[in-house]
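In what follows, a single structure is set out as structure tokens and then discussed.
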Amino acid sequence: MANTKRELFLKRRLRVRNKIKSMANGRLRLSVHRSSKNISVQLIDDAKGVTVASASSLEKDLGVVGKNNVEAAAKIGAAIAERAKKAGVEECYFDRGGFIFHGKIKALADAAREGGLKF
């Protein structure tokens with residue numbers, strides 16, 4: 001029973017998201033998406049269905065347009081932590097999607113923690 005890479009990714013994403021939603025208790029979700037050229041992150045309130053804050057490598061003011069490396073991920077993590085503080089958010093759950101917690105995803109999470117977010 002050979003699964004494709006995409007099927008395994010979707011299974012991981014559903015498993016992670018279902019665990020987070022089962023223990024949410026009103027906390028927000030920090031959702032990460034990584035493509036081959038960019039990386040983006042959103043702070044989502046699932047109860048209201050609203051995005052509270054977001055950051056992406058497509059934003060020109062971050063200075064990492066079109067870059068998808070560990071340094072860009074760290075800058076985006078710091079930016080989302082700053083924007084979350086402005087929105088009054090201190091705690092959230094980290095939703096890595098189907099991505100493995102390693103490399104760029106880990107750098108983003110570490111920078112967000114250093115910026116003051118707790119997850």
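The sequence shown begins at 1 in UniProt numbering and counts up by one.
Even glycine gets a Cβ: it sits at the ideal position worked out from N, Cα and C.
Computed from a predicted model, the values in this text were never measured in an experiment.
- In this structure Leu-108 is buried. Its beta-carbon is surrounded by 16 or more other beta-carbon atoms within 10 angstroms.
- Of all C-beta pairs linking the stretch 12-23 to the stretch 47-54, fewer than three are shorter than 8 Å, placing the two stretches out of contact.
- Classified as buried, Val-32 has 16 or more neighbouring CB atoms from the shown chains inside 10 Å of its CB.
- Taking a 10 Å sphere around the C-beta of Arg-34, we find 16 or more other C-beta atoms and assign the residue as buried.
- Between Arg-13 and Gly-98, the CB-CB gap stays under 9 Å.
- In the three-state reduction of the DSSP assignment, Arg-34 falls in the strand class, which pools E and B.
- With a contact defined as Cβ atoms closer than 8 Å, Leu-43 and Ala-53 qualify at about 4 Å.
- Between Ser-22 and Ile-39, the beta carbon gap of about 27 Å keeps them out of contact (Cβ cut-off 8 Å).
- Residues of the same chain with a CB within less than 8 Å of the CB of Ala-78, apart from the 5 flanking positions on each side, are Ala-111, Ala-112, Glu-114 and Gly-115 in chain order.
- Phe-94 counts as buried, since no fewer than 16 other beta carbons sit within 10 angstroms of its beta carbon.
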